[in-house]
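A short write-up of the structure that comes next.
Numbering (the working numbering), first residue to last: 498 to 846.
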């Protein structure tokens, strides 16, 4: 799938998909932190029937997978967010539409009957934001998501080296609205609108505690896949401290570096309620469009099911942090190191 995506994409789009910011240290640490967790399986339990189903935002899901918001998703498949939600409907999971992908709010909502979330980068004043939230509610989305870790355009040196402009260009004035986003905006949205609110890009227990105090419904632990702040911690290293301080007062989503079913199970063991895939989603779309993404999700579900069975548990209700422990990684981390047999031929991939 990854190889086919690379073959199908122009170099600029490929670099946008796999790249991070500056030294791409955070990208590598996401994989390093996931690979630094080992399983502690139980044996002699009846695992003849495995159930991967969960729920999130009171919505039943066949597995705890979110199709994460990916900007400019349409460069990987012309249908963009509409294609993603069609795959989500087919697989019984939830999709999150990015405000910087096409088509628009209403068209994505109409594309399938899957449960959907709408994610917003703020590019206007309070009235502009309020209009977006109203459209989201009127279109039947299950939640509204603010991304909070993107106050400036990060320095993505793969693009700079080629003289390429950001894939989702914005003007300095536009970014000023995102840069000025603050806790008072969160409070205003919560008070004004009756829709669950997600904050995506929480990276510390301190901010998770503030979010819960402001009535946020979902804490989305993410470092943007290493595409924003460089030299951050691996995302899954943040998860236990956030889970601890939230204490069940909000649901918790997680992403960054997730490529395998075993990654999903690790995040769920450490307290996530749902796990987002971003690059994996885009690789699958670039490789084979809607059918490619459905196939990817089917494989992911098989990996999740197999991992649960081999750990001696039948469903996620039996899973907790006692099933994982710290361990030494064995594979040098990279954006594609979850696939050690992959040979992309180009050492710089």
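No residue lacks a Cβ here, since even glycine has one placed at the ideal position from N, Cα and C.
Exercise. Between which two residues does the beta strand (DSSP E) harbouring residue 557 extend?
Worked result: 556-558
Exercise. Looking only at its own chain, which residues have a Cβ that is under 6 Å from the Cβ of residue 927, when we skip the five neighbours before and after it?
Worked result: The requested residue 927 does not occur in the structure, where the chain is confined to residues 498 to 846.
Exercise. Around the C-beta of residue 780, are 16 or more other C-beta atoms found within 10 angstroms, so that it is buried, or is it exposed?
Worked result: buried
Problem set entry | CA-to-CA distance, residue 715 to residue 535, given in whole angstroms | 27 Å
Exercise. For the alpha helix (DSSP H) that contains residue 800, what are its first and last residues?
Worked result: 776-807
For this session: Consult DSSP for residue 618 and reduce its assignment to one of helix, strand or coil.
Result: coil
Exercise. Tell me, which residues are paired with residue 613 by DSSP?
Worked result: 592
Exercise. For residue 530, which residues does DSSP report across the bridge?
Worked result: BP columns for residue 530 are empty, so no partner.
Exercise. Cα separation between residue 648 and residue 698?
Worked result: 11 Å
For this session: Answer yes or no: do residue 619 and residue 630 have a C-beta to C-beta separation smaller than 8 Å?
Result: no
Problem set entry | Opposing strand residues paired with residue 697 [DSSP bridges] | 644 and 717
Exercise. Where does residue 748 sit, in a helix, a strand or coil, going by DSSP?
Worked result: strand
Exercise. Is it a yes or a no for the segment 526-535 touching the segment 560-568, going by three-plus beta-carbon pairs under 8 Å?
Worked result: no
Problem set entry | Burial state of residue 459, where buried means 16 or more other Cβ atoms lie within 10 Å | The structure shown does not extend to residue 459, since the chain is modelled only from 498 through 846, so no value can be given for it.
Exercise. Taking only beta-carbon atoms, is residue 722 less than 8 Å away from chain B?
Worked result: Structure shown: chain B not included; a single protein chain is present.
Problem set entry | Identity of the residues DSSP links to residue 562 by a beta bridge | 772
For this session: Look at the alpha carbon of residue 851 and the alpha carbon of residue 511, and state the distance between them as a whole number of angstroms.
Result: This structure cannot settle anything about residue 851, because the visible part of the chain is limited to 498 through 846.
For this session: Let me know the secondary structure DSSP gives residue 582 once reduced to three states.
Result: helix
For this session: Along the beta strand (DSSP E) that carries residue 852, what are the first and last residues, could you check?
Result: In this structure the chain extends from 498 to 846, so residue 852 is not present and cannot be described.
For this session: Go to residue 509, then tell me how far its alpha helix (DSSP H) extends in each direction, as first and last residue.
Result: 508-515
For this session: Tell me, please, which residues DSSP counts as bridged to residue 822.
Result: 535
Exercise. For residue 737, does the three-state DSSP call read helix, strand or coil?
Worked result: helix
Exercise. Helix, strand or coil: how does DSSP classify residue 712 here?
Worked result: coil
Exercise. Can the beta-carbon of residue 758 be found less than 8 Å from the beta-carbon of residue 527?
Worked result: no
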